[in-house]
Amino acid sequence: MISKEAKKAFKRLVESQNLDELLNTPLEEQRQAWEEHAAKAKIPEGIKIIQEKINDMDAEWLIPEKSAMDQVIVYFHGGGLNQGSIITHRKLAAYVALYTGSRVLLHDYPLAPEHPYPAALNASRELYLTLLNRGFAAHKIVFGSDSSGSTLSLAVLLQLRDQGIALPRASFHFSPMIDFSLSGESIESRKDRDPQLFKEDLEMTVDFYCEPSVRKDPYVSPVFGDFTGFPPMFVQVGSEEILWSDAERLVNSAWVDGVHAELSVWDDLWHVFQSKVDTVPEAKDAIKEVADFLENVEPN
Numbered sequence: 464m465i466s467k468e469a470k471k472a473f474k475r476l477v478e479s480q481n482l483d484e485l486l487n488t489p490l491e492e493q494r495q496a497w498e499e500h501a502a503k504a505k506i507p508e509g510i511k512i513i514q515e516k517i518n519d520m521d522a523e524w525l526i527p528e529k530s531a532m533d534q535v536i537v538y539f540h541g542g543g544l545n546q547g548s549i550i551t552h553r554k555l556a557a558y559v560a561l562y563t564g565s566r567v568l569l570h571d572y573p574l575a576p577e578h579p580y581p582a583a584l585n586a587s588r589e590l591y592l593t594l595l596n597r598g599f600a601a602h603k604i605v606f607g608s609d610s611s612g613s614t615l616s617l618a619v620l621l622q623l624r625d626q627g628i629a630l631p632r633a634s635f636h637f638s639p640m641i642d643f644s645l646s647g648e649s650i651e652s653r654k655d656r657d658p659q660l661f662k663e664d665l666e667m668t669v670d671f672y673c674e675p676s677v678r679k680d681p682y683v684s685p686v687f688g689d690f691t692g693f694p695p696m697f698v699q700v701g702s703e704e705i706l707w708s709d710a711e712r713l714v715n716s717a718w719v720d721g722v723h724a725e726l727s728v729w730d731d732l733w734h735v736f737q738s739k740v741d742t743v744p745e746a747k748d749a750i751k752e753v754a755d756f757l758e759n760v761e762p763n
């Protein structure tokens, strides 16, 4: 049974659903509204924020007290690759930093439709290469992501692997969206259960990001990739998600390709419920679960 806080949050999501508004509100207005709301969020005590430009991208370090200087979680924010930013994901990243004890790096990769595929992928890969050039060791780096950010993090891993570049130690993914062909079974079977995402919203997301001809390219939809040689991965998903199949297929494919992968299913919860970490107990527990995974996982 989920907590009363989770039940209230779920109910609010259901009551606030408005597909017409979502599809007809200009994208820039949606971006601005999300950032204005997120900017009011409180960051947990003990987290220092340092902002800088990396490769002409805005970036932000969230650094917990007594963190190891040579360890970093590179976090790829979600938002359909057309929304989201350092601001919208600062709170979530700060709690990831707090509970893992690692510094977290957020970056504002270029957004679609102004910058369609492969702009965000290229910028994110270059960010990782810049960290290596700065002296960060690959085995001290972890990739983290939520939703469509997982498409970027996994696609970067695919490119790095294909190019023979050292890979990070591990990766974790909150509610991954990694199939831009929208071919997962749950797109239909759970579309009426998801309190947050609509199939029509996902279709618009895909149209913004890429042409139909590339939607099954593994660099666009990593679910169609070969994960051989990947570092261990940890995946969390809510049972009510329309994107359930993406998480399930990711873990199953990883195992087939010889990669250690774990799937953690949270009953009765929704897409990226971890973002409610300051109000929903399950969200806090989920991030602590990631911290436990990172502390105990052995590299491949």
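In my numbering, each residue's number is its place in the sequence shown (first place is 1) plus 463. Heads up, the beta-carbon is just placed ideally off N, CA and C, and yes, glycines get one too.
Taking the C-beta atoms as reference points, G541 is found nearer than 7 Å to S610. Here E752 really is in contact with S727; their C-beta atoms are around 6 Å apart, less than 8 Å. Just so you know, the alpha carbons of V537 and E663 end up roughly 30 Å apart. Within the same chain, H540 and G541 come within 7 Å of G547 by CB-CB distance, once the 5 residues on both sides are set aside.
The three-state secondary structure of G541, taken from DSSP, is coil. Scanning its chain for C-beta atoms nearer than 8 Å, with the 5 sequence neighbours on each side dropped, one finds around P658 the residues F473, L476, V477, Q480, E703 and W733, in chain order.
CA-CA distance, H636 to L485, rounds to 25 Å. Residue state for H723 is assigned as coil, using DSSP reduced to three classes. In the displayed model, P576 falls within coil according to three-state DSSP, outside both helix and strand. With respect to A522, E528 sits apart: the two C-beta atoms are not nearer than 7 Å. Within the same chain, L615, A618, V619, Q622 and Y682 come within 8 Å of L584 by CB-CB distance, once the 5 residues on both sides are set aside. For S608, the pairing in a beta bridge is given by DSSP as F539 and H636. Boundaries for D521: no alpha helix (DSSP H) harbours it, while the beta strand (DSSP E) harbouring it runs M520 to P527, taken from the DSSP string. Taking C-beta separations shorter than 7 Å and ignoring five residues to either side along the sequence, the partners of D731 in its chain run I465, S702 and E703, following chain order.
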